[in-house]
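See below for the structure under consideration.
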Amino acid sequence: MSVSIVWLRNDLRVSDNPALVEALRTGQPVLPVFILDDETVGRRPLGSASRWWLHYSLHSLDESLRKLGSRLTLRRGPAGRVLSDLVTECAATSVFWNRAYDEGSRHRDAHLKKSLAERGLRAESFKASLLFEPWEVKNQSGDPFKVFTPFWRACRALPPPDEPLPAPKSLPVPKTWPATDLLADWRLLPTTPDWAGGLRAAWTPGEAGALARLSRFLDIALDAYRDARDLPAVEGTSRLSPHLAFGEISPRQVWRAATNRGASAAVDKFLSEMGWREFAYSLLFHNGNLAERNFRPEFDTFPWADPGETVVAWQKGLTGYPIVDAGMRELWATGWMHNRVRMIAASFLTKDLLIDWRAGERWFWDTLVDADPANNATGWQWVAGCGADAAPYFRVFNPVLQGAKFDPKGEYVRRWVPELADLPDAVVHSPWTAPKPLPASVYPGRVVEHGAARDRALAAFQTVKKSA
């Protein structure tokens, strides 16, 4: 008996999964497949934290499929070759998948669709990870937007997203299952050392964990979202980003659940933050390798400094600036960092230390559980000033003032930089001003003085302004 293959990628769920639903509609047995593809040219291998998440997400997906009477087949290698082999092994007549938008995946997928069609197979892809396709949202000249506000206004003028698709109640299965890899053999989890204890304590990867996270946010944090989202010491954000990155929940599910709570300023703000994700994917789709190329080409000659040891101090959370160090330590411990602190930490690297934004982007790619090819690169370019709708070059976040504004009682800093726990609120964000400053053996001195660093950054940005 022939089968319909569902090639799962960044859509590791059974609810609102268009490719899975279409395979079911064929009336043929459905073969769900995940391919670990670290070899296709132009595709970026997952970072370490993302590989940890992937292990548990695949385990969760397999459990969900087994409840439907099916299972997940695992293969490793270049996806085009692996799928071609599976089509032959299983006498497949159709292959379905949900779209990816990075340049490498798009080129691979287009070639694969063409080659499968030439073999007489039905090969189709679907929208599943975005609310609006990048080619659907254009300005009046027919060009992609470069500024978020008009982009989001245009999105809101389009018909609202469709209702999410329900999960199948069961799946027809092949008479004979093809061979599958064992998940443990992929060695996605760290062993020596096992650095993932904090990740395990903080997260529940998988579709059930995603739905629980969404429900908790809507019940506890949505009403105060407009203000609380900027306060790292409180649970004010959705923390859905890794679940969205792996497709354990769809944007349509999030949109529908939020709008079902009724119209409010908090809901509008939350939806607009989802809009930034849409904007990032539009930029990625229309601009190729966003993680390596400056969106604004005048930055190609920007005089970045030699990173030296300062980048290591930044990575380890030892810069001497408490809000920066707290964020970097939260990242290392949990694989996640509060969004406001991400901006502060990124500004410190690119403007106080004058280190190329790509060094920070690569570190986040390896350490974030929500490392996303669109959001990560867009965020770094925005802060550095070289991206679309970027922060003005003269905006250099003052880490002391940012800490005092968004963590006024120092609760976030004390949680992640416990050596500062006994400092009074007035100096917890500037410990060098304490009556008895801590010795360097307890907490390091500043790697740079912010005022002088700001002057250096502004002088460097003037060279870009002149060339532009």
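In terms of my numbering, the sequence shown opens at residue 6 and continues consecutively.
Cβ coordinates follow ideal geometry from the N, Cα and C atoms, glycine included.
If you're wondering where the values come from, they're calculated on a predicted model, not measured in any experiment.
Under DSSP, Ile254 forms no beta bridge with any residue. Counting only residues of its own chain and dropping the five nearest sequence neighbours on each side, Leu359 has a CB closer than 7 angstroms to the CB of Trp309, Ala310, Arg461, Ala462 and Ala465. Within the same chain, Cβ atoms closer than 8 angstroms to the Cβ of Ser287 are found at Pro139, Val142, Pro149, Phe150 and Phe156, the five residues on either side in sequence being excluded. With a cutoff of 7 angstroms on beta-carbon distance, Glu27 and Phe137 are scored as not near each other. Judged by beta-carbon spacing, Val329 lies beyond the 7 angstroms limit of Ala351, meaning their Cβ atoms are not closer than that value. Around the beta carbon of Val422, 16 or more other beta carbons sit within 10 angstroms, so the residue counts as buried. Distance check between Val46 and each of Ala445, Trp337, Arg124 and Asp107 places Asp107 closest, using alpha-carbon atoms only. Just measuring C-alpha positions, the residue of His455, Gly147, Leu135 and Ser243 sitting nearest Pro165 is Leu135.
Excluding the 5 residues flanking it on each side, Arg334 has same chain C-beta neighbours closer than 6 angstroms at Gly322 and Trp421, in chain order.
About 4 angstroms separates the CB atoms of Val432 and Ala439; that is less than 8 angstroms, so the two are in contact.
The shortest C-alpha to C-alpha distance from Val259 to any of Thr185, Glu278 and Leu289 is the one to Glu278. Under the 10 Å beta carbon count, Asp232 is surrounded by fewer than 16 other beta carbons and is classified as exposed. Exclusion of the five residues before and after Pro442 leaves Pro436 as the residues of its chain whose Cβ lies within less than 7 angstroms of its Cβ. Counting the other CB atoms within 10 Å of its CB gives Phe304 a total of 16 or more, which places it among the buried residues.
Glu454 is bridged by DSSP to nothing; it lacks a bridge partner. Sorting Gly109, Val38 and Leu428 by C-alpha distance to the C-alpha of Cys95 places Val38 at the top. Look at Ser99 here: in three-state DSSP terms it is strand. If you look at Ser110, you'll find it in the alpha helix (DSSP H) that goes Glu108 to Glu123. Within the model, the alpha-carbon separation for Leu70 versus Glu123 is close to 31 angstroms. For the pair of segments examined, the region 177-187 was found to touch the region 79-91: the number of CB pairs separated by less than 8 angstroms reaches three. For the alpha helix (DSSP H) assignment, the uninterrupted runs of no fewer than 4 residues enclosed by the region 258-306 are, from N- to C-terminal side, 270-292. For Glu68, the closest alpha carbon among the candidates Pro429, Ala213 and Leu219 is that of Ala213. By the Cβ rule, the region 249-264 counts as touching the region 211-226, because three or more pairs are nearer than 8 angstroms. Going by DSSP, Thr372 is part of no beta strand (DSSP E) but of the alpha helix (DSSP H) stretching over Trp362 to Thr372.
Nearest C-alpha to His60 among Gly74, Gly280, His343 and Ile40: Ile40.
Note that the C-beta distance between Val8 and Gln33 is below 7 angstroms. Excluding the 5 residues flanking it on each side, Gly325 has same chain C-beta neighbours closer than 7 angstroms at Pro449, Gly450, Arg451 and Val452, in chain order. Here Trp57 is not near Leu219, since their CB atoms are 7 angstroms or more apart. The shortest CA-to-CA distance from Pro327 to any of Pro247, Asp430, Cys391 and Phe284 is the one to Asp430. Pro237 sits away from Arg347, with the two beta carbons spaced by 7 angstroms or more. Judged by DSSP secondary structure, Glu314 falls outside any alpha helix (DSSP H); it is assigned neither H nor E.
As computed with DSSP, Ile10 is found in a beta bridge with Leu36 and Val100.
DSSP, reduced to helix, strand and coil, places Ala376 outside both helices and strands of the structure shown, so it counts as coil.
Counting other Cβ atoms within 10 Å of its Cβ, His343 reaches 16 or more and is therefore classed as buried. Runs of alpha helix (DSSP H) with 4 or more residues, each lying fully within the region 13-100, are found at 23-30, 53-72 and 84-95, listed in chain order. Rounded to the nearest angstrom, the Cβ distance from Arg127 to Thr98 is 7 angstroms, consistent with a contact under 8 angstroms.
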